[in-house]
Amino acid sequence: MRKFISFLLPIAIVAVISFQSCGEDNTMNNNTPSAQTLYTRLGGNTAIDTVVAVFINNVAADPQINFFFAPVLADTSGVRYRLLRQNLVQQICMVTGGPCLYMGKDMRTAHGGMSITIAQFNALVNDLVMAMTTLGVAQTEQNELLAILGPLCGDIVDNGNGTGCQ
Ligand code: HEM
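Just so we're aligned, residue 17 is where the sequence shown starts under my numbering, counting upward by one.
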């Protein structure tokens, strides 16, 4: 029995190490770009967090929509900023196939009662596009992310009659 365990133990250790080295996604053994998740192609959590940081800066400087975020920007402790940033990163990570669980509110609850218009929605999307372009995110990945986020429009824009989002 001892011999059997001492034979199995090294194999088990190697298996655990190899499993962990899969890293942040599930693309092990498949290095063709098209087979990688959008999360991986965006550069994982660190790169997504950088996009979100630049995106929030763009929103904060955008007079079309920055007033919505006044309470976040006015919180000098930075707690609300960090929470928003973390929620956005988690959400993008999750919807692009990354190993995250978005813990924030659903989009309808988060944006309810804000009377967000389609023009304001488009302004925010444009701030995201500017952030991705500034950071050199390729067009394919930009388009894929927008194709995932675009359909959330119906839960965010409040135009009173359910129309406006394509
Ligand atoms: C695809 C578009 C959008 C996405 C993916 C998105 C995502 C999010 C997320 C994840 C949160 C955090 C929810 C939570 O606190 O649990 C949030 C909050 C918020 N969003 Fe959006 N949002 C979008 C569009 C917009 C637009 C167009 C506006 C306004 C023009 C807006 C204004 C806000 C505001 C004011 C908050 C609350 C911030 C706070 O008080 O912490 N969002 N959004």
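Note that the Cβ used here is the ideal one computed from N, Cα and C, for glycine as well. Here the structure is a predicted model, which is why all the values come from computation and not from measurement.
Rounded Cβ spacing between residue i and residue j (contact assumed at less than 8 Å)
i: V68; j: M148; result: Incorrect: roughly 10 Å between the Cβ atoms, too far for contact.
i: N74; j: M146; result: 5 Å
i: I134; j: G170; result: Actually they do not touch by this definition, with Cβ atoms about 11 Å apart.
i: A76; j: F85; result: 6 Å
Cβ-Cβ distance between residue i and residue j below 8 Å
i: P118; j: Q102; result: According to the sequence provided, residue 118 is Tyr. The question's Pro does not apply to it. No; because the gap between Cβ atoms is not below 8 Å, this pair is not in contact.
i: G94; j: L54; result: no
i: I72; j: Q136; result: no
i: D174; j: M130; result: yes
i: L165; j: V70; result: no
i: C109; j: N61; result: yes
i: E157; j: R96; result: no
Residue i in three-state terms, based on DSSP
i: Y118; result: coil
i: Q182; result: coil
i: I132; result: coil
i: A86; result: helix
i: P79; result: coil
i: T150; result: helix
i: T112; result: coil
i: V105; result: helix
i: T53; result: coil
i: D174; result: coil
i: T66; result: helix
i: T92; result: coil
i: G59; result: coil
Heavy atom of the ligand ADP within 7 Å of residue i beta-carbon
i: L54; result: Looking for the ligand ADP in the displayed structure turns up nothing; the ligands present are the ligand HEM.
Three CB pairs or more closer than 8 Å across the region 136–145 and the region 85–94: no
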